[in-house]
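A.B. asks: Respectively, the protein sequence lines represent chains U and H. Okay, so the first sequence: first residue is 35 according to the numbering used here, each after it adds one. Okay, so the second sequence: first residue is 35 according to the numbering used here, each after it adds one. C-beta atoms are modelled at their ideal positions from N, C-alpha and C, and glycine is treated no differently.
Number of protein chains: 2
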Amino acid sequence: MRTSSIDSGGGKGTTNSQKDQIERRHSGSSRGRISVVGIGPGDIDEMTLDAKKTIVEADVIVGYKTYVRLIESIVKPGAEVFSGTMGKEVERAKAAVSKALEGNTVAVISSGDPGVYGMAGLVLEVANLENVKIPIVVIPGVTAATAAAARLGAPLVSDFAVISLSDLLTPWSLIEKRLHGAAEADFVIVLYNPQSEGRKEPLMKANEILLKHRKPETLVGVVRQVGRKGEETVITTLKELLNCEVDMATTIIVGNSTTCLVGERMVTLRGYDL
Amino acid sequence: MRTSSIDSGGGKGTTNSQKDQIERRHSGSSRGRISVVGIGPGDIDEMTLDAKKTIVEADVIVGYKTYVRLIESIVKPGAEVFSGTMGKEVERAKAAVSKALEGNTVAVISSGDPGVYGMAGLVLEVANLENVKIPIVVIPGVTAATAAAARLGAPLVSDFAVISLSDLLTPWSLIEKRLHGAAEADFVIVLYNPQSEGRKEPLMKANEILLKHRKPETLVGVVRQVGRKGEETVITTLKELLNCEVDMATTIIVGNSTTCLVGERMVTLRGYDL
Chain U
35 MRTSSIDSGG GKGTTNSQKD QIERRHSGSS RGRISVVGIG PGDIDEMTLD AKKTIVEADV
95 IVGYKTYVRL IESIVKPGAE VFSGTMGKEV ERAKAAVSKA LEGNTVAVIS SGDPGVYGMA
155 GLVLEVANLE NVKIPIVVIP GVTAATAAAA RLGAPLVSDF AVISLSDLLT PWSLIEKRLH
215 GAAEADFVIV LYNPQSEGRK EPLMKANEIL LKHRKPETLV GVVRQVGRKG EETVITTLKE
275 LLNCEVDMAT TIIVGNSTTC LVGERMVTLR GYDL
Chain H
35 MRTSSIDSGG GKGTTNSQKD QIERRHSGSS RGRISVVGIG PGDIDEMTLD AKKTIVEADV
95 IVGYKTYVRL IESIVKPGAE VFSGTMGKEV ERAKAAVSKA LEGNTVAVIS SGDPGVYGMA
155 GLVLEVANLE NVKIPIVVIP GVTAATAAAA RLGAPLVSDF AVISLSDLLT PWSLIEKRLH
215 GAAEADFVIV LYNPQSEGRK EPLMKANEIL LKHRKPETLV GVVRQVGRKG EETVITTLKE
275 LLNCEVDMAT TIIVGNSTTC LVGERMVTLR GYDL
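1) Quick check on H:Lys-246: buried or exposed, where buried means 16 or more other Cβ atoms within 10 Å of its Cβ?
2) Would you identify the three-state DSSP class for H:Thr-180, choosing helix, strand or coil?
3) For U:Tyr-101, report the span of its beta strand (DSSP E) as first-last.
4) Report the residues of the segment 186 to 208 of chain U with a CB closer than 8 Å to any CB of chain A, ordered along the chain.
5) Who does H:Gly-74 pair with in a DSSP beta bridge?
6) Does the CB of H:Leu-245 have a neighbour CB from chain U at under 8 Å?
7) Does U:Ser-42 pass the burial test, meaning 16 or more other C-beta atoms within 10 Å, or should it be called exposed?
8) Considering only the alpha carbon of each residue, which of H:Asn-290, H:Ile-143, H:Leu-158 and H:Lys-167 lies closest to H:Leu-104?
9) With respect to the beta strand (DSSP E) encompassing U:Thr-285, which residues constitute its N-terminal and C-terminal limits?
10) If you reduce the DSSP assignment to three classes, tell me which class U:Glu-266 lands in.
11) Measure from the C-beta of U:Pro-169 to each C-beta in chain H and report whether the shortest distance is under 8 Å.
12) Report the three-state DSSP secondary structure of H:Gly-152 (helix, strand or coil).
13) Anything in the segment 98 to 109 of chain U with a Cβ closer than 9 Å to a Cβ of chain H? List those residues in chain order, please.
14) Please give the ranges of any beta strand (DSSP E) in the segment 223 to 265 of chain H, keeping only runs that are unbroken, at least 3 residues long and fully inside the region.
15) Roughly how many angstroms lie between the CA atoms of U:Gly-76 and U:Arg-258, to the nearest whole one?
16) Suppose you measure from the CA of H:Asn-227 to the CA of H:Ser-200; what does that come to, to the nearest Å?
17) Please list the partners that H:Phe-221 has in chain U, where partner means a Cβ-to-Cβ separation under 8 Å.
18) Below 6 Å CB to CB, which residues in the same chain sit around U:Gly-155 once its five sequence neighbours on both sides are set aside?
19) Helix, strand or coil for U:Ile-89? Go by DSSP, reduced to three states.
20) Just the C-alpha distance for U:Phe-194 and U:Val-150, rounded to the nearest angstrom, thanks.
21) Determine the DSSP secondary structure at H:Gly-187, reduced to helix, strand or coil.
22) For U:Ile-78, go through chain H and note every residue whose CB falls closer than 9 Å to its CB, in chain order.
23) Which term fits H:Lys-234, buried or exposed, when burial requires 16 or more other beta carbons within 10 angstroms of its beta carbon?
24) Measure the C-alpha to C-alpha separation of U:Thr-100 and H:Tyr-98 and round it to an integer number of angstroms.
25) Contact criterion: CB-CB distance below 8 Å. Does U:Gln-229 meet it with respect to chain H?
26) Suppose contacts are defined by Cβ-Cβ distances below 8 Å. Is H:Met-282 in contact with H:Thr-293 by that definition?
27) Does DSSP classify U:Leu-135 as helix, strand or coil?
This is the structure we're talking about:
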């Protein structure tokens, strides 16, 4: 079966199921290939079985150094590890492609899910630009939004929007437009990359924008280091948010108009009649 | 350490980490407890290690019949199984609480992630209404948005909004408002529950709304039965979307203005300079 391509006739394209792709990858062929793997929030137990198997079997591991440290206990002896810094994502994607072309089984790892502010798109872009025909599979993982939500209770449960406050690759004007748009339509809003040293303004501005649309008492969940040592969960309000300790490993979930405390948990009401 | 409650002083509350909570749950205590578990899209290998362990150890399994069938191979012999139908979520949540009060380890299962249109909020609400003090832990899983995205390539990768087209619990006027808001702010848009027998109008109306904000050639990914037998992935366009076969087990991902084909994959460009 072939992977479907764009079908302007509106018909159905048959497809390689993810399972087929992964089984071929594990079948022992010596051809190089890349898996872009979501390792989940941090704890090995929050990884999928498939992600773990992929990492355990990989000849080469490529990832940001913090994520490599999180999974190093399951990397096979003798595997080559490319452990890099923030800002070097393009280099890591190129290294992955290069290693796969040598015939290696490569695992490019991303925290959470690799398709949510992760490496999936970049690896595909680099491979395509270099016109290389190697199998590339994306292995989904538990993204920070859902990991943080699980700690808080059930704040997502209904329609939600995910917005990164990092303006390194996205113009701030577009981030603002999305904050306004999401808040006005009463989405629960998940903020990724909310703050880092030297960059406190984005969260301050985001808070100001959200207060234009939401009551100051709107519940906000703040989860630091989700899935890692030092994990911390706080439920606060929009008006108090800027008093919380926040860093780049923090996920912030801003409730919508129905979000409330249920016991000690943050819950957005789906609308069930109880 | 205590779970933080609402902190109007903006201070930090210390917390039971998820790991602490889960370890206490697995410690062999005979006290009843509930885990609301995300089983992922369907294949056991796409479940987290923690989710699998929780289901394997559960005395009681509660879930919608389709999801129970997906995981029945790992349910321990002798476990009690409450397998229900759509529309009976409240009854299942009550049964879970009742069984936990008898001292059982209960796993309430949801497809994907239990905090995304799943059972997490409802179980917490029911337990709170009945004023019962039993440990309840939410075990996150791979939600359909990220599972479908992995099949398609990397369509999420940037800011995205998740909207359910089911108006059983949410007024259609609010769904429309969210579609407009998300489209206008150039979010990638993930549609859950897009269609079922007798309910084709929501997707038709959603398509019409999105065409007011996006070009007809905007890429749309349609993944049916993600993670299950019969999984099918199609990449099409907004103008052709209504010609695709769509059902309730379909996840639709509507690209934003930068989403394009990279090779045969659907990728939203993050903005890396290549």
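C.D. replies: Per the coordinate set shown:
1) As a working mapping, residue 246 of chain H is identified with position 212 in the second sequence. Counting Cβ neighbours within 10 Å, H:Lys-246 comes out exposed, since fewer than 16 surround it.
2) Residue numbering aside, residue 180 of chain H sits at position 146 when the second sequence is read from its first letter. It is helical.
3) To locate residue 101 of chain U, count along the first sequence from 1; it is residue 67. Taken as a continuous stretch (DSSP letters only), U:Tyr-101 belongs to no beta strand (DSSP E), being part of the alpha helix (DSSP H) at 99 to 105.
4) Protein chains U and H are contained in the structure displayed, whereas chain A is not.
5) Translated into the one-based positions of the second sequence, residue 74 of chain H becomes position 40. The partner list for H:Gly-74 (beta bridge, DSSP) reads H:Gly-146.
6) Working through the second sequence from its first residue, we reach residue 245 of chain H at position 211. No - not a single Cβ of chain U is within 8 Å of the one on H:Leu-245.
7) For this step, residue 42 of chain U is matched to residue 8 along the first sequence. Any reading at U:Ser-42 must be qualified, since the residue scores a pLDDT of 38, below 50, and its modelled position is unreliable; no value is offered.
8) Working through the second sequence from its first residue, we reach residue 104 of chain H at position 70. Ranking H:Asn-290, H:Ile-143, H:Leu-158 and H:Lys-167 by Cα distance to H:Leu-104 puts H:Ile-143 first.
9) As a position in the first sequence, residue 285 of chain U is number 251, starting the count at 1. U:Thr-285 -> beta strand (DSSP E) spans 284 to 288.
10) Looking up residue 266 of chain U in the first sequence gives position 232. Note: U:Glu-266 maps to strand in three-state DSSP.
11) Along the first sequence, one-based indexing puts residue 169 of chain U at 135. Not one chain H Cβ lies under 8 Å of U:Pro-169.
12) Position 118 of the second sequence, counted from the first residue, corresponds to residue 152 of chain H. Here H:Gly-152 sits in coil by DSSP.
13) none
14) 253 to 258
15) As a working note, residue 76 of chain U is residue 42 in the first sequence. As a working note, residue 258 of chain U is residue 224 in the first sequence. The alpha-carbon atoms of U:Gly-76 and U:Arg-258 are separated by roughly 12 Å.
16) Residue mapping note: residue 227 of chain H aligns to position 193 of the second sequence, counting from 1. Residue mapping note: residue 200 of chain H aligns to position 166 of the second sequence, counting from 1. Roughly 6 Å separates the two Cα atoms.
17) If you number the second sequence from 1, residue 221 of chain H lands on position 187. Here the neighbours are Ala-195, Arg-212, Gly-215 and Ala-216.
18) Looking up residue 155 of chain U in the first sequence gives position 121. Excluding residues within five positions, none has a Cβ falling inside 6 Å.
19) Here residue 89 of chain U is taken as the residue at index 55 of the first sequence, counted from 1. If DSSP states are grouped into helix, strand and coil, U:Ile-89 belongs with the helices.
20) In the first sequence, residue 194 of chain U corresponds to position 160, counting from 1. In the first sequence, residue 150 of chain U corresponds to position 116, counting from 1. Taking the straight line from one Cα to the other gives about 14 Å.
21) Here residue 187 of chain H corresponds to residue number 153 of the second sequence, with the count starting at 1. Here H:Gly-187 sits in strand by DSSP.
22) Translated into the one-based positions of the first sequence, residue 78 of chain U becomes position 44. Neighbours of U:Ile-78 on chain H, chain order: Leu-83.
23) As a position in the second sequence, residue 234 of chain H is number 200, starting the count at 1. H:Lys-234 is exposed by the Cβ-count criterion.
24) Looking up residue 100 of chain U in the first sequence gives position 66. Looking up residue 98 of chain H in the second sequence gives position 64. Approximately 38 Å between the Cα atoms of the pair.
25) For this step, residue 229 of chain U is matched to residue 195 along the first sequence. False, the Cβ-Cβ gap to chain H never drops below 8 Å.
26) Within the second sequence, the letter at position 248 stands for residue 282 of chain H. Within the second sequence, the letter at position 259 stands for residue 293 of chain H. Cβ distance not < 8 Å, so H:Met-282 and H:Thr-293 don't count as in contact.
27) Here residue 135 of chain U is taken as the residue at index 101 of the first sequence, counted from 1. U:Leu-135 falls in the helix class under three-state DSSP.
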